[in-house]
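Visitor:
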Amino acid sequence: MFEPTDKPRVFGLAPGVDFPAGLIQGIRERLKGQPPESIARVELIVNSQRMRHRLRQLFDAGPPGFMPRVSLVTNLDHLLQNQTIARAISPLRKRLELTRLVSKLLESDPELAPRSALYDLADSLASLMDEMQGEGVSASSIAKLDVSDQSGHWARAQQFFSLAQGYLDQTDSTPDAEARQRMVVTALVKNWQDAPPQHPVILAGSTGSRGTTSLLMQAVAQLPLGAVVLPGFDFEMPTSVWQDLDQEVIAEDHPQYRFRALMRALDMPSSAIRNWCGTSAPGSARNALVSLSLRPAPVTHAWLSEGPALGDLLAPTGNLTLVEAPTPRIEAQAIAARLRTAVEEGKTAALITPDRMLTRQVTSALDRWNILPDDSAGTPLQLSPPGRFLRHVADLFVRPLDAEALLTLLKHPLTHSAADRNTHQLHTQRFEMRVRRDGLPYPDPAGLTRIARKIADHLNAPDDFLDWANWVSETFCHHETADDQQLDTWTRAHLALSERIAAGRSTDDTSQLWKKTAGRAAREMMEALSTEASHGGALSARDYADLIAALLSEQEVRDQDGPHPNVMIWGTLEARVQGADLVILGGLNDGSWPESPPPDPWLNRQMRLRAGLLLPERRIGLSAHDYQQAIAAPEVWLSRSIRSDEAETVPSRWLNRLENLLCGLPDQNGPQAWAEMQARGNAWLDQVSALEAIERVAPAIRPSPRPPIAARPRALSVTEIKRLIRDPYAIYAKHTLRLRPINPLVQSPDAPVRGIVLHEIMEKFVKRVCEDETCLTKQVLMETARAVLQEAAPWPAARAMWLARIERVADWFIAQEKIRQSYSSPVSFEKAAKGTHVFEDLGFTLTGYADRIDKTDEGDALIYDYKTGTPPSKKEQALFDKQLLIEAAMVEEGGFAEVGVAHVAHAAFIGLGGKPVEVPAPLAEEPPETVMAGLRELIGHYFDPDQGFTARRLVKTEDAAGDYDQLARFGEWDGTCDPTPEDLT
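Going by our numbering, the sequence shown opens with residue 2, and the numbers climb by one from there.
(1) Would you call the CB atoms of N744 and R437 closer than 9 Å?
(2) Tell me which residues share the same chain as K191 and place their Cβ nearer than 7 Å to its Cβ, disregarding the 5 neighbours each side in the sequence.
(3) Going by beta-carbon coordinates alone, are I643 and T328 separated by less than 9 Å?
(4) So what does H302 bridge to, in DSSP terms?
(5) Would you kindly check if the distance between the Cβ of A457 and the Cβ of L449 is under 9 Å?
(6) Is E649 helix, strand or coil by DSSP?
(7) May I ask you to report which of helix, strand or coil DSSP gives E761?
(8) Can the beta-carbon of S554 be found closer than 9 Å to that of L382?
(9) From L410 to L427, what distance separates their C-alpha atoms?
(10) Give the DSSP-derived three-state secondary structure of R970 in the structure shown.
(11) With a cut-off of 8 Å, do at least 3 Cβ pairs link the region 685-699 to the region 331-345?
(12) Express the C-alpha separation of P827 and V767 in angstroms, rounding to a whole number.
(13) Is it buried or exposed, M933, if we count other Cβ atoms within 10 angstroms and call 16 or more buried?
(14) Mapping DSSP to helix, strand and coil, what is H838?
(15) To which residues of the same chain is A542 closer than 6 Å at the C-beta, ignoring the five residues directly before and after it?
(16) With H, G and I counted as helix, E and B as strand and the rest as coil, what does DSSP make of Q151?
(17) Got a sec? Which residues, its chain only, sit under 8 Å from A343 by beta carbon, not counting five neighbours each side?
(18) Can you pull the DSSP bridge partners for Q850?
(19) In its own chain, which residues sit with a C-beta less than 6 Å from the C-beta of P714, not counting the 5 before and 5 after it?
(20) Out of P64, L231 and G347, point me to the one whose CA is closest to V18's CA.
(21) With DSSP as the reference, please indicate the residues paired to D984 in a beta bridge.
(22) Output needed for L963: all residues of its chain with C-beta closer than 7 Å, excluding positions within five of it in sequence on either side, in chain order.
(23) Tell me the DSSP secondary structure of M569 in three-state form.
(24) Could you tell me the distance, in whole angstroms, from the CA atom of S829 to the CA atom of I864?
(25) Using C-beta distances below 6 Å, list every residue in its chain close to V902, excluding the 5 sequence neighbours before and after it, in chain order.
(26) Apply the 10 Å Cβ neighbour rule to S640 and answer buried if 16 or more other Cβ atoms are within range, or exposed otherwise.
(27) Quick one: what does DSSP say W491 is sitting in, helix, strand or coil?
(28) List in chain order: all unbroken beta strand (DSSP E) runs of 3+ residues lying wholly within the region 184-246.
(29) Put G27 into one of helix, strand or coil per three-state DSSP.
(30) Do A534 and D484 have their beta-carbon atoms positioned less than 9 Å apart in this structure?
(31) What distance in whole Å lies between the Cβ atoms of L99 and A123, which are believed to be in contact at a cut-off of 8 Å?
(32) Under 9 Å between the Cβ atoms of G682 and T322?
(33) How long is the line joining the alpha carbons of E696 and G972, rounded to whole angstroms?
(34) When the Cα of F881 is compared with those of H838, L939, V324 and L408, which residue comes out closest?
(35) Secondary structure at W603, three-state DSSP: helix, strand or coil?
(36) Would you check if there are 3 or more beta carbon pairs closer than 8 Å linking the region 918-938 to the region 886-900?
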């Protein structure tokens, strides 16, 4: 297969060449004329499972024949003869063991790092250990670095390095995956040196970016029948530039740097690397242009001297399109439109980007045309239904059950999925609506039973619902755990509870939890955790939930039905071994492509260089190599967004270089080539604008509906009169249309709830004082407040805050109450103080509840209303907030049965907010008979067929929110717009 030589054999394939197809072609060319079975003796080592799968597809496509033995670079045990290396421990076990070690270190010295950083530190340390083993660097060599650090950071880091070294010392007997891989490669290299294989060995597709892989590549290249085939090798780059790459400090971000490192290790010039097969690059002129644009700094002199040799630049850029979209959304729309056109043209098209948000937006945009792309990355397991379900169940151990968490799980598609799922959904809907109506912030068995009985009272066959409610109570309540527990205990409890919730009331194990691809992946993850749980130690509930979320986030599943065969979404890794007619490089902004190097909590750049570890620029260099390969496709789109969701973006450095190079070569039509690339992109952006264009419609009018007299409300409460004056449309929506706003699922301690609780406190306190005058003290008031808050306010923080507010006004209230009770006595409170007044001639009933009505010895009535906020002023009461004035008029008309007909001598709002105050009602200025006459006139107007219920007629402020503003389409109009009456039938 190869000519005998004493020099290393290294070949390459140019960017743009389909690497797997070119690899097979080169093998067949070298075996031409030999027996068919000779290819079966070839040992082919590739760098990924995707590469092996693509090779198999190409061989299956024909012509008929044998296949070489294809192995992965990470699985070479079968090449070791009569040698056995201990199996690697699972990555999960390593993570759990490191987490436990770091936890002990933090417990012994809490100043090293906060406890919340436990998992981040363990993961970061595990990554550093993998890198150290891959590059053959020991912790002791790092510890010997000469570092003058006054901050103490290095001393703290040394403790973690010592922990890492202690862990690594155990890897001979129980190696992790990275340590075992280096053992296998080291043993294999030694075997080959002693007894070289007598059959061809080819290592293909790797860049040698990791030390262990580079060591294997060097060994294969020097075998008598060995060869290395490099992907995306730049044959256009001059020898002098290759030599410049020896300066690793400034050159490691170059796409060809890793190949130069291999050349140095093998002591061979770039001219010795030959083309593997006869297939030439589809665009050698474009390859030369891109190669020149990516030269290591400084580049200006090279551009000026070598740029003219590129010739006319219109040809190599003729199939390049530059899309610079205003926003990421428009970028995704443009990409989707081009992919859709490619489908119509019968072309294969691929979007290549590391930006997962962009891929999701493109997938969503393609759904407009019923095109489902074949996304190689799949969906993160944590976002799949089983992943979300497991995370929600784990959170039940962390905190007390609230209504939101309960309904989230009850509505999950995997809950109660074994049988009677439809009945479960019906019961859940009934339960949710009652919870929204009555409120149940923190469900417990007693609260669930109370809600269930209210619902069951309105059902014809309540038994099944009550049985379901009992299942909910027994299954979901009281799982929060404050104590640390062993990981295997957590895992067993988590699995048992998850399967119980998924099964529902069914007794068999036929739920959908572990079904389909995502379910099977979730089960494998949980089984792996159960297997390795003994290495995890004791965890808190919060730590366990975080661990589950982290493990789920690391896995991805592909569970799509029928993706389009010609529309693909690839990450940069997948793009290395596949090709397409149209390639779209999306998200070409700095920080996205290339991605910003992650922060390193252990070593700075200079320390990494001296220790022999990988520099941060390595990741950028690999991304640059992916870019150089992808841009060599037959037709290429380069796309980016000018702005992100937050700020203006910076173009990718490679895009900037290409622009600067082209615009600096006017004699070769460079500026024109760049302008034409932009023009082609702008044409697609114009198509997106046309696609997104909307026909402007006239804004909604300010409504003032006039329903039939029979449909107008015949009864209102006293408090609704204020709304009738300020926002008549809200009265129409509530009483004529019979619409009610749905309360939030999670009842919050807002102002209305605070008002209800305060009224209950004051009612109970004043009743207690009526029974025993000695109870009129601050101490008794605070005791009453604590008792009521404990029962009626299930929010600890709000409870403490409200109690503090009451304590601030307690002295003032007690002093004022002593004065009030010196000349009057309470006779009626809110629940009993119900008043009614009927306007016979209008057929209208007015109802209301007074917070408190007192009577003097002379028989005069005194009306009080408690306010948690600022009470309305006298002017507001006279014009809008007529609650006390109307209640006074109703008392004088005998509307309150418990009080009878009485003269109202005084009415006041008692403000118990930040500044306690008592604001009297203007009874002298607004006497009861005048108020009642005005009220009758107001109500009479709304029985006039020509009177409409105008939206937001006299709102207090323009930004005051109403329950029915959306129904009225407020925002399309404002308070300056005239109302438009509309007769309804």
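Just so you know, even glycine gets a beta-carbon here, dropped at the ideal spot from N, CA and C. Since this is a predicted model, take the numbers as computed values, not measurements.
Guide: This is what the structure holds:
(1) Stepping through the sequence shown from its first residue, residue 744 is reached at position 743. Stepping through the sequence shown from its first residue, residue 437 is reached at position 436. In contact: N744 and R437 (Cβ atoms closer than 9 Å).
(2) Indexing the sequence shown from 1 puts residue 191 at position 190. No residues qualify anywhere along the chain.
(3) As a working mapping, residue 643 is identified with position 642 in the sequence shown. As a working mapping, residue 328 is identified with position 327 in the sequence shown. Result yes, Cβ atoms of I643 and T328 sit closer than 9 Å.
(4) The residue given as residue 302 occupies position 301 in the sequence shown. Partner(s): none; H302 has no beta bridge.
(5) As a position in the sequence shown, residue 449 is number 448, starting the count at 1. As a position in the sequence shown, residue 457 is number 456, starting the count at 1. No, they are not a contact pair.
(6) Taking the first residue of the sequence shown as 1, we reach residue 649 at position 648. Correct three-state label for E649: strand.
(7) For this step, residue 761 is matched to residue 760 along the sequence shown. If DSSP states are grouped into helix, strand and coil, E761 belongs with the helices.
(8) As a working note, residue 554 is residue 553 in the sequence shown. As a working note, residue 382 is residue 381 in the sequence shown. For S554 and L382, yes; Cβs fall inside 9 Å.
(9) As a position in the sequence shown, residue 410 is number 409, starting the count at 1. As a position in the sequence shown, residue 427 is number 426, starting the count at 1. For L410 and L427, the distance between alpha carbons rounds to 15 Å.
(10) Mapped onto the sequence shown, residue 970 falls at position 969. Here R970 sits in coil by DSSP.
(11) yes
(12) Residue numbering aside, residue 767 sits at position 766 when the sequence shown is read from its first letter. Residue numbering aside, residue 827 sits at position 826 when the sequence shown is read from its first letter. If I take the Cα positions, the gap works out to 8 Å.
(13) As a first step, residue 933 must be located in the sequence shown, where it is residue number 932. Buried, since its Cβ has 16 or more Cβ neighbours within 10 Å.
(14) The sequence position of residue 838 within the sequence shown is 837, counting from 1. Strand at H838.
(15) Here residue 542 corresponds to residue number 541 of the sequence shown, with the count starting at 1. Result list for A542: F398, V399 and T482, in chain order.
(16) In the sequence shown, the residue the question calls residue 151 occupies position 150. Any answer about Q151 is weak, because its pLDDT of 43 lies below 50 and its placement is not dependable; what the coordinates show is given next. Here Q151 sits in coil by DSSP.
(17) Position 342 of the sequence shown holds residue 343. T349, A350, N567, V568, D582 and L583.
(18) For the purposes of this step, residue 850 is taken as the residue at position 849 of the sequence shown. In the sequence under discussion, the amino acid at residue 850 is Tyr, which differs from the Gln named in the question. Its beta-bridge partners are K835.
(19) Counting from one through the sequence shown, the residue named residue 714 turns up at place 713. Within the same chain, P714 has close Cβ partners H736.
(20) The residue you call residue 18 lines up with position 17 of the sequence shown. Among P64, L231 and G347, the Cα nearest to that of V18 is on L231.
(21) Working through the sequence shown from its first residue, we reach residue 984 at position 983. D984 pairs with R707.
(22) Reading the sequence shown from its first residue, position 962 is the one you call residue 963. This sequence places Gly at residue 963; Leu is not what is there. Once the five neighbours on either side are set aside, the close Cβ partners of G963 are D728, A731 and R953.
(23) On the sequence shown, residue 569 is found 568 positions in, with the first residue counted as 1. M569: strand per DSSP, three-state reduction.
(24) Within the sequence shown, numbered from 1, the residue matching residue 829 stands at position 828. Within the sequence shown, numbered from 1, the residue matching residue 864 stands at position 863. Approximately 10 Å between the Cα atoms of the pair.
(25) Here residue 902 is taken as the residue at index 901 of the sequence shown, counted from 1. G895.
(26) Walking along the sequence shown from the start, residue 640 turns up at place 639. Classification of S640: buried, given that the 10 Å Cβ count is 16 or more.
(27) Within the sequence shown, numbered from 1, the residue matching residue 491 stands at position 490. It is helical.
(28) 202-205 and 227-231
(29) For the purposes of this step, residue 27 is identified with residue 26 of the sequence shown, where counting begins at 1. Note: G27 maps to helix in three-state DSSP.
(30) Along the sequence shown, one-based indexing puts residue 484 at 483. Along the sequence shown, one-based indexing puts residue 534 at 533. No; because the gap between Cβ atoms is not below 9 Å, this pair is not in contact.
(31) Taking the first residue of the sequence shown as 1, we reach residue 123 at position 122. Taking the first residue of the sequence shown as 1, we reach residue 99 at position 98. 5 Å between Cβ atoms; contact.
(32) The count along the sequence shown starts at 1 and reaches residue 682 at position 681. The count along the sequence shown starts at 1 and reaches residue 322 at position 321. Yes, the Cβ-Cβ distance between G682 and T322 is below 9 Å.
(33) In the sequence shown, the residue the question calls residue 696 occupies position 695. In the sequence shown, the residue the question calls residue 972 occupies position 971. Using only the alpha carbons, I get a separation of about 19 Å.
(34) Taking the first residue of the sequence shown as position 1, residue 881 is located at position 880. Closest option to F881, Cα to Cα, is L939.
(35) Translated into positions along the sequence shown, residue 603 becomes position 602. W603 falls in the coil class under three-state DSSP.
(36) yes
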